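Participant: Residue numbers (my numbering): 122 to 502.
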Amino acid sequence: MTHAARSSTQPRLAAPVRAILVIALLYLFLAGIKLLESGIKGLGQGFTDALFESVTNPLAGLFVGILATVLVQSSSVTTTTIIGMVAFNVIPIEAAVPMIMGANIGTTVTNTLVALANLRNADDFRRAFAAATMHDFFNVIAVSVLLPLELLTKFLSGSAAWLAQTLSGQSDLGADFNSPIKGAVSWLAAVLEAPLEALISSERALAISFLLAGVGLIFLTLTFITKNMRLLVANRIEHTLNTVLAKSGLAGMLVGLVVTVAVQSSSITTSILIPLVASGVLLVRNAYPITLGANIGTTITGLLAALSTGAVSGLTIALTHTLFNIAGIVLIYTLPKTRYVPVLLAERLADVATRRRWVAIVYVGGGFIAVPIIGVVFLTT
122 MTHAARSSTQ PRLAAPVRAI LVIALLYLFL AGIKLLESGI KGLGQGFTDA LFESVTNPLA
182 GLFVGILATV LVQSSSVTTT TIIGMVAFNV IPIEAAVPMI MGANIGTTVT NTLVALANLR
242 NADDFRRAFA AATMHDFFNV IAVSVLLPLE LLTKFLSGSA AWLAQTLSGQ SDLGADFNSP
302 IKGAVSWLAA VLEAPLEALI SSERALAISF LLAGVGLIFL TLTFITKNMR LLVANRIEHT
362 LNTVLAKSGL AGMLVGLVVT VAVQSSSITT SILIPLVASG VLLVRNAYPI TLGANIGTTI
422 TGLLAALSTG AVSGLTIALT HTLFNIAGIV LIYTLPKTRY VPVLLAERLA DVATRRRWVA
482 IVYVGGGFIA VPIIGVVFLT T
């Protein structure tokens, strides 16, 4: 049976039905956050102390964020888990900030892997690899500048704390605020917890079950939300890109932001660009602003997760993620002399990788896996 024949036999949901399905999945996703909360609370102080010890070094936190995101292939899963841990007082905001920045770097591995599919054609690969790695270079440069500044001044987390306190009406970062989302998901979380409570008598085992169920539900629901949102909007994405990009960089950022919010995945947005650039439909520089907009758009998931916790601290770290991505754009893109530095670095790396294909493999394996693992082991021992 041909691919076309197989595709035609697959059930196709009407757009309204798929939209309702996405809303239901989002409800389950938020219930997963509540399960995560129950698990963290049940594990108690011993779990908290052990986790504190492993993330006291900012660089270790950065590498943990990279590794976690590479492993689950979703910065949204990583950031929502981190936001939950901050909201439930497992890790402090100061330790979470480098993790969030690491998640930003780790999420770029997906489109870099997509670019490797073009290895057989030198010209296509050069363009695709440059389009993928410019996102890597942008995030690495942003982290290299903004993380030291944040550690010295706390300008990102401090601004986010002020915003969170203003929006919630609470003056204490450890306080809770009345979130309608939190109330809406409490019932479903209780329904999901009941069977586990009936089956498991040990408090610690129950807490671990809640924790694993929460993380699993977050991962699964985000996966299906992403899949269904892509089916809803994918047919419109490529046309939108080609129509809007010629106008301005700001328009490209807006496209990246809107598409990423729609599909709930910056990886999908940036990965869509790779074949377009590889085929010559888009120039690398035209694709560049879209990746920056995707960086901001991907933070919406974390903001929703923070609202579901109803904790000012959770909202603070979610807003820190948003402000970090905005600050990166202001730092690099708004200045003419630095605007295209990530693109130039990516194009040079792509030239080298085109001549020596093994460089691309070493780059992905070393930069996203080996270096973070070595860093975590070295900095936490």
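Beta carbons are placed, not taken as given, at the ideal position from N, Cα and C, and that holds for glycine. Small disclaimer: the values here were computed from a predicted structure and weren't measured.
Measuring alpha carbon to alpha carbon, tell me which of Arg139, Val143, Lys155, Ala236 ends up nearest Ala334.
Facilitator: Lys155
Participant: Closer than 7 Å by C-beta to Ser159: which residues in its own chain qualify, once you throw out the five before and the five after it? Chain order, please.
Facilitator: Glu314, Phe331
Participant: Helix, strand or coil, according to DSSP, for Ser195 in the structure here?
Facilitator: Note: Ser195 maps to coil in three-state DSSP.
Participant: Note the first and the last residue of the continuous alpha helix (DSSP H) segment covering Ala466.
Facilitator: Reading the sequence as shown, one finds Leu at residue 466 and not Ala. Segment 462-476, the alpha helix (DSSP H) holding Leu466.
Participant: For the stretch 388-425, which segments carrying the alpha helix (DSSP H) assignment without a break, of at least 4 residues, lie completely within its bounds, in sequence order?
Facilitator: 405-418
Participant: How many whole angstroms separate the CB atoms of Thr201 and Thr190, which I take to be in contact at a CB cut-off of 8 Å?
Facilitator: Their Cβ separation, rounded to whole angstroms, is 12 Å, which puts Thr201 and Thr190 out of contact at 8 Å.
Participant: Throw me the rounded Cβ distance for the Thr420 and Thr443 pair, which I believe falls under 8 Å.
Facilitator: 4 Å
Participant: In angstroms with no decimal places, state the Cα-to-Cα distance between Gly163 and Ala238.
Facilitator: 45 Å
Participant: When you compare only the Cα positions, how much space is there between Ala432 and Leu294?
Facilitator: 8 Å
Participant: Determine whether the beta carbon atoms of Ser278 and Glu271 lie at a separation below 8 Å.
Facilitator: yes
Participant: Classify Ile482 as buried or exposed, calling it buried when 16 or more other Cβ atoms lie within 10 Å of its own Cβ.
Facilitator: Answer is exposed; the Cβ neighbour count stays below 16.
Participant: Can you look up Ala481 in the DSSP assignment and give me helix, strand or coil?
Facilitator: helix
Participant: Write down the C-beta distance between Ala252 and Leu394 rounded to the nearest angstrom, noting that I regard them as a contact closer than 8 Å.
Facilitator: 6 Å
Participant: Using only alpha-carbon positions, find the residue among Val451, Leu183, Asp472, Ala145 that is nearest to Ile490.
Facilitator: The shortest Cα separation from Ile490 among Val451, Leu183, Asp472, Ala145 belongs to Leu183.
Participant: Which of the three DSSP states is assigned to Phe150 in this structure?
Facilitator: helix
Participant: Please name the residue, chosen from Thr437, Asn349, Ile494, that lies closest to Pro137 on a Cα-to-Cα basis.
Facilitator: Among Thr437, Asn349, Ile494, the Cα nearest to that of Pro137 belongs to Asn349.
Participant: Is Asn242 helix, strand or coil when you go by DSSP?
Facilitator: coil
Participant: Can you name, in chain order, every residue of its own chain whose Cβ lies under 6 Å from the Cβ of Leu234, other than the five neighbours on each side?
Facilitator: none
Participant: Roughly how many angstroms lie between the CA atoms of Thr228 and Ser387, to the nearest whole one?
Facilitator: Each residue's alpha carbon lies about 8 Å from the other.
Participant: Quick one: what's got a C-beta closer than 7 Å to Val382's C-beta in the same chain, skipping five residues either side?
Facilitator: Gly418, Ile421
Participant: What are the boundary residues of the alpha helix (DSSP H) that Ala491 is part of?
Facilitator: Careful: Ala491 lies outside any alpha helix (DSSP H) and carries neither H nor E.
Participant: Taking the alpha carbon of Leu240 as the point to measure from, which residue in Val473, Ala208, Gly488 has its own alpha carbon closest?
Facilitator: Val473
Participant: Whether or not the stretch 201-211 and the stretch 245-261 are in contact is what I'm after, with contact meaning three or more pairs of Cβ atoms, one per stretch, closer than 8 Å; do they touch?
Facilitator: no
Participant: From this set, Gly205, Leu440, Val185, His256, which residue's C-alpha is nearest Thr412's C-alpha?
Facilitator: His256
Participant: State the Cα-Cα distance for the pair Val464 and Gly449, rounded to the nearest angstrom.
Facilitator: When rounded, the distance between both Cα atoms is 15 Å.
Participant: List the whole-angstrom C-beta distance separating Met81 from Val185, where the pair is believed to meet the contact cut-off of C-beta under 8 Å.
Facilitator: Because residue 81 is not part of the residues shown, which for the chain are 122 to 502, the question remains open.
Participant: Along the alpha helix (DSSP H) that carries Pro457, what are the first and last residues, could you check?
Facilitator: It is not in any alpha helix (DSSP H) - Pro457 carries neither H nor E in the DSSP assignment.
Participant: DSSP three-state call for Val211: helix, strand or coil?
Facilitator: coil
Participant: Let's see if you can read the secondary structure: which residues bound the alpha helix (DSSP H) around Ser289?
Facilitator: Here the alpha helix (DSSP H) through Ser289 covers 276-289.
Participant: Grab me the residues of Gly337's own chain with a C-beta within less than 8 Å of its C-beta, minus the 5 sequence neighbours each way, in chain order.
Facilitator: Gly153
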